[in-house]
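Have a look at the structure below, then the notes.
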Amino acid sequence: MEMALPRPSRRSVHSHITGLGLDERGKAKRIGGGLVGQEKAREAAGIIVQLVKEGKLGGRGVLIVGPPGTGKTAIAFAVSKELGADTPFVAIDAGEVTGLQKKTEVLLQALRKAMGIRIREEREVVEGVIADIKYLRRQSPFSPYPTLGGAKVTLETKDESSSFSVGPEIAEQLMGLNVRKGDLVTIDVETGAVRRVGRVKEKAERWYDIGVERQVEMPSGPVRKKKEFVRVLTFHDVDLSVAARRVAFSGLLALLETEREISDEDRKQANEIVKKMIDERRAELVPGVLFIDDAHMLDLESFSFLTKAMESDFAPLLILATNRGMAKIRGTDIESPHGMPRDLLDRLLIVTTQPYSLEEIREIIAIRADEEEVPLSEDALELLTKLGAERSVRYAVQLLEPARTIALRRKSQKVEARDVKEAAELFADLKRSVELVEKYKDLMIYG
Ligand SMILES: Nc1ncnc2c1ncn2[C@@H]1O[C@H](COP(=O)(O)OP(=O)(O)OP(=O)(O)O)[C@@H](O)[C@H]1O
Ligand SMILES: [Mg+2]
595 MEMALPRPSR
605 RSVHSHITGL
615 GLDERGKAKR
625 IGGGLVGQEK
635 AREAAGIIVQ
645 LVKEGKLGGR
655 GVLIVGPPGT
665 GKTAIAFAVS
675 KELGADTPFV
685 AIDAGEVTGL
695 QKKTEVLLQA
705 LRKAMGIRIR
715 EEREVVEGVI
725 ADIKYLRRQS
735 PFSPYPTLGG
745 AKVTLETKDE
755 SSSFSVGPEI
765 AEQLMGLNVR
775 KGDLVTIDVE
785 TGAVRRVGRV
795 KEKAERWYDI
805 GVERQVEMPS
815 GPVRKKKEFV
825 RVLTFHDVDL
835 SVAARRVAFS
845 GLLALLETER
855 EISDEDRKQA
865 NEIVKKMIDE
875 RRAELVPGVL
885 FIDDAHMLDL
895 ESFSFLTKAM
905 ESDFAPLLIL
915 ATNRGMAKIR
925 GTDIESPHGM
935 PRDLLDRLLI
945 VTTQPYSLEE
955 IREIIAIRAD
965 EEEVPLSEDA
975 LELLTKLGAE
985 RSVRYAVQLL
995 EPARTIALRR
1005 KSQKVEARDV
1015 KEAAELFADL
1025 KRSVELVEKY
1035 KDLMIYG
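Throughout the sequence shown, residue numbering follows our numbering, covering 595 to 1041 in sequence.
So this is what it looks like as structure tokens:
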């Protein structure tokens, strides 16, 4: 019995990738960031990362083209790592969008999640290390038990020590966060929001030196001060808050709506709010990336929608990936390069990935085996390399886990060639599974 392998989730499949592996001059190291070879594509991706970081690529598009298993998805994943947490990166599978009734809504939402604004806010805070804290109880007329009435807190910096009383709302937060002497806390003076930043080194108990807590420096300067906070919000976040406000205003009936949707009107309002904030220099635009994998699966309607969306003021960088050459555009009879309409293709920079050499296949498998902690013998690695070349790299990588299970059953910690061979006999690659169905076509239809 042969079974086709399930496709593991993208995240785990690319977990060995930490970045594009480029040097300071943007040249690809042969092996770097968990990536092997594909130097041209990685260097191109490096330029794209730089342009996105400089805010220069919004409304543009990139198409990554190459044979199956040559690292297109892996490189897009590396781009997201390089961009860092502050730049929005949204990844969707075209196959998951097509067939949905609200596909343009899904695409629009993805686009808006991929666009951000950076907001700088100056806030009045008290910030310091807790030198002393005492909670005050008070007897409530409604309850037999005393309730939290407030607290007396002493906060310290390198230069100052300051004591003050706080009301029950702040006291409750302090208690909920379980703050202790030696914790660095920030309290927003206007909203009363409390944040526990971490523990200060010199105050931390010596027995807990290797705790999981974040260690921070003792701050200097005054306890009460203005502090700048920087946050990145996505357009989708703004949409949601506008929609929520509308629902709040329209009262109870709106709460009965089964689905609370973001309307066009909400998005228009959100755009206006953002525009105003940018004009007033209270926010700056952070165009991110929308990555659409297997983009040939999109249909004409989706392509048209994306092409139009790219022209709007607030558009992220679009990165598409495909392994198709000439193909029909979905939803039509039109043959076109990569199954995409010409007017979209004309706007895309194209990056290509090449088939791997044997040496590169060996290295990719070795990296994956290392990541999944599958110890391979020399022979096992050789056989997997051969399978990777003959069938596909992905197939070879997917055999690692089954081969390990087979090895463990015979009580071997190390995976040998025989385990790989057995795994390859049990699990088919796509070509073989398709051939099988073709061969027994008549049987399969009725059976
Ligand atoms: N250059 C590389 N370095 C390290 N690992 C790689 C490289 N290229 C691919 N891989 C790994 O090989 C597997 C297949 O690669 P990937 O999924 O990125 O291929 P793809 O080009 O997107 O294929 P498809 O056209 O089928 O979508 C993944 O586990 C990936 O992480
Ligand atoms: Mg892919």
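Idealized CB from N, CA, C, for every residue including glycine.
This one's a predicted model, so the numbers in the text were calculated from it and none came from an experiment.
| Check | Outcome |
| --- | --- |
| Ligand 1 heavy atom lying under 6 Å from the CB of G631 | yes |
| Three-pair Cβ contact test at 8 Å for the segment 875-884 versus the segment 894-914 | yes |
| Contact set for V880: own chain, Cβ-Cβ below 8 Å, skip 5 residues either direction | G649, D680, T681, P682, M709, G710, I711, R712 and V826 |
| Start-to-end residues for the beta strand (DSSP E) that takes in V581 | Nothing in the structure corresponds to residue 581, since the chain is present only between 595 and 1041. |
| Chain-ordered residues, beta carbon under 6 Å from a heavy atom of ligand 2 | K666, T667, D887 and A915 |
| I686 CB to nearest heavy atom of ligand 1 below 6 Å | no |
| Assigned secondary structure, D973 (DSSP; H/G/I helix, E/B strand, else coil) | helix |
| Any non-hydrogen atom of ligand 1 within 6 Å of I958 CB | yes |
| Check: T664 C-beta below 6 Å from any heavy atom of ligand 1 | yes |
| DSSP state of F671 mapped onto helix, strand, coil | helix |
| Any non-hydrogen atom of ligand 1 within 6 Å of N917 CB | yes |
| Cutoff 7 Å; reference T612; Cβ partners in own chain excluding five residues on either side | G627, G628 and K675 |
| Residues near V836 in its chain [Cβ-Cβ closer than 6 Å; skip 5 each side] | D860, Q863 and A864 |
| Straight-line Cα distance separating L894 from T926 | 7 Å |
| Which of helix, strand or coil DSSP assigns to G815 | coil |
| Backbone secondary structure at S898 - three-state DSSP | helix |
| Anticipated Cβ contact below 8 Å, A997 with L975, distance rounded | At roughly 11 Å, the Cβ-Cβ gap does not stay under 8 Å, so A997 and L975 are not in contact. |
| Three-state secondary structure (DSSP) of I625 | strand |
| Heavy atom of ligand 1 within 6 Å of R1026 beta-carbon | no |
| Within 7 Å, strictly: CB atoms of I781 and V720 | yes |
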